[in-house]
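Here's the structure we're looking at; comments come further down.
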Amino acid sequence: MAYHYDHILIRYGELSLKGKNRNTFIKQLYQNVRKALSGFPNLEYEKQHDRMYIYLHGENADKVSDVLSCVFGISSFSLAVKVESDMDKIIQAAKDSVDLTTFHTFKVAARRSDKMFPFISDQINRKVATEILKNSDWKVDVHHPDVKIVVEVHKEATYIMTNRIAGAGGYPVGVGGKAMVLLSGGIDSPVASYLMMKRGVHIEAIHFAAPPYTSQNAQEKVLKLASMISGYQGEILVHVVPFTNLQLAIYQHADESYAITLMRRMMMRIASGLAQKRHAQAIATGESVGQVASQTLESMQTINAVTNMPILRPVVCMDKVEIIDLARKIGTYETSILPYEDCCTIFDPKNPATKPRIDRCEKYEARWDWQSMVQDCIDQCEEIVVRPEVEQEDLF
Ligand code: ATP
Ligand code: MG
Numbered sequence: 010m011a012y013h014y015d016h017i018l019i020r021y022g023e024l025s026l027k028g029k030n031r032n033t034f035i036k037q038l039y040q041n042v043r044k045a046l047s048g049f050p051n052l053e054y055e056k057q058h059d060r061m062y063i064y065l066h067g068e069n070a071d072k073v074s075d076v077l078s079c080v081f082g083i084s085s086f087s088l089a090v091k092v093e094s095d096m097d098k099i100i101q102a103a104k105d106s107v108d109l110t111t112f113h114t115f116k117v118a119a120r121r122s123d124k125m126f127p128f129i130s131d132q133i134n135r136k137v138a139t140e141i142l143k144n145s146d147w148k149v150d151v152h153h154p155d156v157k158i159v160v161e162v163h164k165e166a167t168y169i170m171t172n173r174i175a176g177a178g179g180y181p182v183g184v185g186g187k188a189m190v191l192l193s194g195g196i197d198s199p200v201a202s203y204l205m206m207k208r209g210v211h212i213e214a215i216h217f218a219a220p221p222y223t224s225q226n227a228q229e230k231v232l233k234l235a236s237m238i239s240g241y242q243g244e245i246l247v248h249v250v251p252f253t254n255l256q257l258a259i260y261q262h263a264d265e266s267y268a269i270t271l272m273r274r275m276m277m278r279i280a281s282g283l284a285q286k287r288h289a290q291a292i293a294t295g296e297s298v299g300q301v302a303s304q305t306l307e308s309m310q311t312i313n314a315v316t317n318m319p320i321l322r323p324v325v326c327m328d329k330v331e332i333i334d335l336a337r338k339i340g341t342y343e344t345s346i347l348p349y350e351d352c353c354t355i356f357d358p359k360n361p362a363t364k365p366r367i368d369r370c371e372k373y374e375a376r377w378d379w380q381s382m383v384q385d386c387i388d389q390c391e392e393i394v395v396r397p398e399v400e401q402e403d404l405f
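Plus 9 on top of the position in the sequence shown (first one is 1) and you've got the numbering used here.
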């Protein structure tokens, strides 16, 4: 429970390593933080070279923290109080910043960057600790405290912080360009989307729907998944591609064992067209080596051959259990395993080629005018913007 916190101190993530790009990163992070917290109108922001401060002005610290923990580019943050650099005020504020009605072990860690301050760090530690011990059942534990109270004495002010809260890590979304993620209703592609955003890449999603073979429920599920991960960048634009005609044509003109490969080649052509249209620099998928027949290296080579655009596969070397762990962490797993049919599972060939050859694909593709069908898919897709679902309690 947050006590008398008046601001939050944000520590930047990996961007501290990036010499020249630093300012771009800080600017993007600042924008992203403000956008994510736009539902809290009283907040006031201050960005500095190595830290950012958010002054709460009465907004709920716990709710702000929840939102903040999903913003990439933050390594950690702490709820803090800013007071005058005066010993009595420091003691009072430190006492008020923790909940003394509960029991905890604690440690005070003071740092004095203002060497004119009349007490040395050790004296500050003792004075603050004594006051807390006098007013509670708390006990000191210098090695493994439940709560660490950090007191930073500067000339202009003193900052008092309790525990660090882990940030989402990664880079601020937007500094890494844009990618189109192929989003199915499965477990892997939402995780791949999350990992792309974590690297600072803004994503748009592409979903291939094959009505009436795939149901409205299947599409709703994909939009729900997109909404669940949209909080990491604010909103996600989802392109729903009408894929039925092209898929039927594949089955009409090619051997069944090549259907999946041809379908993926068409998906990549459409994704490349959409990427161009939307000024994205890459395509991303949830493929992982060896997971299914169509995800062998030979197969990836044959699929990649239709485009010059980089195809990124963030979960390519992860075990299924590792992917599932991440899916649980970001909250998409339970939705992903709902049993709605995907366009890939509808036309599931019995013996898909595990080493599909490019020349054979080209032979099949020469049998019909797929180019105009691909163009139709690009031109006729539906664009839907999804945002995080608003929690019930916030509606009232
Ligand atoms: P996922 O769990 O992400 O569905 P998967 O293990 O089920 O992956 P496949 O169904 O073979 O694997 O799909 C591999 C990748 O191809 C998916 O991760 C996704 O990026 C893309 N993909 C498959 N089907 C679709 C679809 N209907 N719409 C958009 N992308 C798709
Ligand atoms: Mg799938």
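Glycine included, each C-beta is placed from N, C-alpha and C at the ideal position.
Between the CA atoms of residue j and residue i - distance to the nearest angstrom
{"i": "Leu65", "j": "Arg121", "result": "25 Å"}
{"i": "Gly82", "j": "His16", "result": "19 Å"}
{"i": "Val156", "j": "Ile346", "result": "39 Å"}
{"i": "Thr114", "j": "Lys98", "result": "23 Å"}
{"i": "Arg135", "j": "Asp59", "result": "29 Å"}
{"i": "Ser303", "j": "Arg208", "result": "27 Å"}
{"i": "Ala235", "j": "Pro199", "result": "7 Å"}
{"i": "Ala166", "j": "Arg396", "result": "39 Å"}
{"i": "Cys390", "j": "Val250", "result": "5 Å"}
{"i": "Lys104", "j": "Arg337", "result": "37 Å"}
{"i": "Ala227", "j": "Leu191", "result": "15 Å"}
{"i": "Thr33", "j": "Leu255", "result": "43 Å"}
{"i": "Val210", "j": "Gly22", "result": "15 Å"}
{"i": "Leu246", "j": "Ala201", "result": "16 Å"}
{"i": "Val162", "j": "Met125", "result": "10 Å"}
{"i": "Glu150", "j": "Ala293", "result": "Looking at the sequence provided, one finds Asp at residue 150 rather than Glu. Spanning the two alpha carbons is a distance of roughly 48 Å."}
{"i": "His262", "j": "Gly179", "result": "45 Å"}
{"i": "Val394", "j": "Glu244", "result": "7 Å"}
{"i": "Val324", "j": "Ile196", "result": "11 Å"}
{"i": "Ile367", "j": "Asp388", "result": "27 Å"}
{"i": "Met309", "j": "Gln290", "result": "19 Å"}
{"i": "Thr223", "j": "Tyr260", "result": "16 Å"}
{"i": "Pro154", "j": "Lys148", "result": "9 Å"}
{"i": "Lys164", "j": "Asn41", "result": "31 Å"}
{"i": "Tyr373", "j": "Asn30", "result": "48 Å"}
{"i": "Trp377", "j": "Val383", "result": "12 Å"}
{"i": "Tyr241", "j": "Val80", "result": "6 Å"}
Proximity winner among the options, relative to residue i (alpha-carbon distances)
{"i": "Ile320", "options": "Ile339, Arg273, Glu93", "result": "Arg273"}
{"i": "His13", "options": "Met125, Ser106, Lys157, Pro127", "result": "Ser106"}
{"i": "Thr311", "options": "Leu347, Leu255, Glu371", "result": "Glu371"}
{"i": "Thr55", "options": "Ile35, Leu191, Phe49", "result": "The sequence as given places Glu at residue 55; Thr does not occur at that position. Closest by alpha carbon: Ile35."}
{"i": "His288", "options": "Gly295, Ala280, Thr294", "result": "Ala280"}
{"i": "Val160", "options": "Glu392, Glu307, Gln132", "result": "Gln132"}
{"i": "Cys386", "options": "Ser239, Ala175, Gly194, His248", "result": "His248"}
{"i": "Val298", "options": "His113, Glu265, Lys329", "result": "Lys329"}
{"i": "Pro358", "options": "Val301, Ile393, Ser224, Ser381", "result": "Val301"}
{"i": "Met276", "options": "Gly243, Leu246, Met318", "result": "Met318"}
{"i": "Phe177", "options": "Thr253, Asn32, Leu204, Thr33", "result": "It should be pointed out that residue 177 corresponds to Ala in this sequence rather than to Phe. Ranking the options by Cα distance to Ala177, first place goes to Leu204."}
{"i": "Ser193", "options": "Ala219, Val184, Ala175, Val182", "result": "Ala219"}
{"i": "Asn69", "options": "Gln57, Pro50, Tyr62, Met61", "result": "Pro50"}
{"i": "Lys91", "options": "Lys286, Ile63, Thr139", "result": "Ile63"}
{"i": "Ile141", "options": "Asp108, Val162, Ser130", "result": "Asp108"}
{"i": "Asp146", "options": "Phe126, His152, His163, Thr111", "result": "Thr111"}
{"i": "Ala375", "options": "Leu271, Glu398, His153", "result": "Leu271"}
{"i": "Gly183", "options": "Glu398, Met206, Ile196, Met189", "result": "Met206"}
{"i": "Pro348", "options": "Asp378, Ile158, Lys230, Cys326", "result": "Lys230"}
{"i": "Arg278", "options": "Arg31, Thr344, Gly67, Trp379", "result": "Trp379"}
{"i": "Ile238", "options": "Asn144, Gly340, Ile129", "result": "Gly340"}
{"i": "Gly186", "options": "Trp377, Glu350, Ile269, Ala284", "result": "Ala284"}
{"i": "Met61", "options": "Ile19, Ser94, Ile100, Lys72", "result": "Ile19"}
Where residue i sits in the DSSP three-state scheme
{"i": "Arg120", "result": "strand"}
{"i": "Phe86", "result": "strand"}
{"i": "His262", "result": "helix"}
{"i": "Arg60", "result": "strand"}
{"i": "Tyr342", "result": "helix"}
{"i": "Glu392", "result": "strand"}
{"i": "Arg208", "result": "coil"}
{"i": "Pro221", "result": "coil"}
{"i": "Thr316", "result": "coil"}
{"i": "Leu246", "result": "strand"}
{"i": "Arg273", "result": "helix"}
{"i": "Tyr349", "result": "coil"}
{"i": "Pro199", "result": "helix"}
{"i": "Ile129", "result": "coil"}
{"i": "Leu321", "result": "strand"}
{"i": "Tyr267", "result": "helix"}
{"i": "Thr51", "result": "In the sequence as presented, Thr is not what sits at residue 51; that position holds Asn. Three-state DSSP puts Asn51 in coil, outside helix and strand."}
Inset, instruction - Check whether the segment 44–62 touches the segment 75–82, counting contact only when three or more Cβ pairs, one atom from each stretch, lie closer than 8 Å. - result: Output reads yes: the segment 75–82 touches the segment 44–62.
Inset, instruction - Please confirm if the segment 326–342 is in contact with the segment 358–368, defined as three or more CB-CB distances below 8 Å between the two stretches. - result: Not touching, per the Cβ criterion.
Inset, instruction - Would you check if there are 3 or more beta carbon pairs closer than 8 Å linking the segment 80–89 to the segment 170–183? - result: Yes, since at least three Cβ pairs between the segment 80–89 and the segment 170–183 fall closer than 8 Å, the two stretches touch.
Legend entry - Inter-stretch contact at 8 Å, needing at least 3 Cβ pairs: the segment 208–218 / the segment 111–118: Because the criterion of three Cβ pairs below 8 Å is not met, the segment 208–218 and the segment 111–118 do not touch.
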